[in-house]
Amino acid sequence: MNKNIDITEQLKCLIEDYDFNIETLSKYLKLDDNQINLLANGDVNFLPNDNEYRFNLFNKISFLYCSAIDEKDFKLDAFLKVLLSYHNISKKTISKMSGVDIKEIDKFLSLKKSKISVEDKYKLAITTMSLRFFLKDIEK
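Heads up: the sequence shown begins at 3 in this note's numbering, then just goes up one per residue.
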């Protein structure tokens, strides 16, 4: 997949290539099914001429699209760093909650991501995603 395709192509890829549920897209984007199909086919004329609205809408589409194409270790690294820096959750806490040794977390956060076992990455990912999900309400 190409990160540089325009937003309408990204939406089209989500629908056609990834079989993303239209009903879920409708709720998430606050557009009806017809509007989603129009947008996926390149028609943006129905959208309000409000730059902030369009920016937020297009970001939502890009976030979903990037979830499919981004390198997974990179994404986990970013989420983990939010927990560490924004939420001030210590590596010790993450280690205890995930069952992954702090040395392995340090490896993951360094350029040695490939040196950590798939099992440890899995445990770290589950713990990180759970914490981010539950703490998302206090992020601004």
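For every residue, glycine included, the Cβ atom is placed at its ideal position computed from N, Cα and C.
{"Item": "Exposed unless 16 or more other CB atoms sit within 10 angstroms - verdict on A42", "Value": "buried"}
{"Item": "Same chain only: Cβ atoms within 6 Å of C68, ignoring 5 sequence neighbours per side", "Value": "none"}
{"Item": "Close beta carbons around S100, own chain, < 6 Å, minus the five adjacent residues each side", "Value": "K125, L126, T129"}
{"Item": "Alpha carbon of D34 to alpha carbon of D72, nearest angstrom", "Value": "27 Å"}
{"Item": "I107 vs S97 beta-carbon contact at 9 Å", "Value": "yes"}
{"Item": "M3 versus K14 - alpha carbon distance", "Value": "With a pLDDT of 46 at M3, under the threshold of 50, the predicted position of this residue should be treated as unreliable, though the coordinate-derived value follows. Rounded to whole angstroms, M3 to K14 spans 12 Å at the Cα level."}
{"Item": "Start and end residues, alpha helix (DSSP H) containing D108", "Value": "104-111"}
{"Item": "N- and C-terminal bounds of the alpha helix (DSSP H) containing L49", "Value": "Neither: L49 is in no alpha helix (DSSP H) and is coded neither H nor E."}
{"Item": "V120 classed as buried or exposed, judged by whether at least 16 other C-beta atoms fall within 10 angstroms", "Value": "exposed"}
{"Item": "Cβ-Cβ separation, L82 to L111 (assumed contact under 8 Å), whole Å", "Value": "7 Å"}
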